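What follows is a single structure, written as structure tokens, with notes after it.
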Amino acid sequence: MVYIEGLRGFNIKIATNDDSSKVIKMLKRIALWMKDNEINQWRFLLDGGDDEEIEQAITNQETYIVLKDNDTVATFTLLSKQSEWDRHIWGEDITSKTLYLHRLAIIPTYIKKGLGRSDVK
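In the working numbering, the protein residues as written are 4 to 124.
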């Protein structure tokens, strides 16, 4: 587990295959919340888009979950290699020292509690 500096009671752990359905369910819950709030992102997740990619990132130990009192309140994926999407947005990375953050999702009750901007150590 990793401690999130400045936020008591939150821990980060690498998601396991046992967490796959929980992570996918959370991402779909957030996608629905975004749709209901007229945020035009992640709608493809509602139809199962990216489920296999999400499961693969978990298998590859690239996906993390944030826990508060053993409840999963957030998830994110960190890639050490550029995806096709990253190359499209940022251009080719020749340094290989960059991490790419994907699918940062925080359940609505924890939005504006500092999780997204906290220093992770």
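Virtual Cβ for every residue (Gly too), placed ideally from N, Cα, C.
Please read these numbers as outputs of a predicted model, since none were measured by experiment.
Taking the alpha-carbon positions, what's the Asn20 to Glu41 distance?
What you label residue 20 is simply residue 17 of the sequence shown in a count that begins at 1. What you label residue 41 is simply residue 38 of the sequence shown in a count that begins at 1. Going by the C-alpha atoms only, they are around 32 Å apart.
Which partner residues of Ala77 appear in the DSSP bridge assignment?
Mapped onto the sequence shown, residue 77 falls at position 74. Ala77 is bridged to Val69, Ile109.
Quick check on this structure: which residue in Trp88, Ile92, Leu107, Trp93 has the alpha carbon closest to the alpha carbon of Val76?
As a position in the sequence shown, residue 76 is number 73, starting the count at 1. Among Trp88, Ile92, Leu107, Trp93, the Cα nearest to that of Val76 belongs to Leu107.
For the beta strand (DSSP E) containing Ile17, list its first residue and its last residue.
Translated into the one-based positions of the sequence shown, residue 17 becomes position 14. Ile17 -> beta strand (DSSP E) spans 13–17.
With a threshold of 8 Å on Cβ separation, who are the neighbours of Leu35 within its own chain once the five nearest residues in sequence on each side are excluded?
Within the sequence shown, the letter at position 32 stands for residue 35. Answer for Leu35: Leu49, listed in chain order.
Return yes when the Cβ of Gln85 is within less than 9 Å of the Cβ of Thr62, no when it is not.
Numbered from its first residue, the sequence shown carries residue 62 at position 59. Numbered from its first residue, the sequence shown carries residue 85 at position 82. Their beta carbons are not under 9 Å apart, which means Thr62 does not touch Gln85 by this criterion.
Measuring CB atoms only, is the region 65–82 touching the region 22–30, in the sense that at least three cross pairs come out at less than 8 Å?
Contact holds: three or more Cβ-Cβ distances are below 8 Å.
Give the DSSP-derived three-state secondary structure of Leu48 in the structure shown.
Taking the first residue of the sequence shown as 1, we reach residue 48 at position 45. Helix, per DSSP.
Please state whether DSSP places Leu82 in a helix, a strand or coil.
Residue 82 sits at position 79 when you count from the first residue of the sequence shown. In the structure shown, Leu82 sits in a strand (DSSP, three-state: E or B).
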